[in-house]
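Written out below as structure tokens is the structure these notes cover.
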Ligand SMILES: [Zn+2]
Ligand SMILES: [Zn+2]
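In this note's numbering, the protein residues as written are 154 to 283.
As structure tokens, then:
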């Protein structure tokens, strides 16, 4: 029987089994269990009292916390966007990025990236005395 079949069977036999419990039993990662459950369209969250799930990946957590891991916390609050200057990605708080988009602002690593970009695209304006 494959891991996938084991997981489906466990869920069938005990609809309230926690994904973390399945992961322990099969000695595989919680993320893998969550992924397979999602692919099989099986609930990763179960409706039992005091049941908590990570708001990012849906894996159950033991305590009333929102995230199963620092990685999921990071995924929720931060995103990586391309510096308009074209020299790589910037780590940015998601809400800050959304505000920038609303205001139509471009994203740069820092002022030096911004000036480099402006010199490249609008040399005449940059060369003019302020
Ligand atoms: Zn998670
Ligand atoms: Zn940059």
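For each residue, glycine too, the CB sits at the ideal point set by N, CA and C.
Per DSSP, residue 186 is one residue of the alpha helix (DSSP H) stretching across 183-192. A distance of 8 Å or more separates the beta carbons of residue 232 and residue 260. The criterion of a C-beta distance shorter than 8 Å is not satisfied by residue 173 and residue 218. Beta-bridge pairing by DSSP links residue 231 to 246. Looking only at 237, 189, 280, the smallest Cα-Cα distance to residue 161 is reached by 189.
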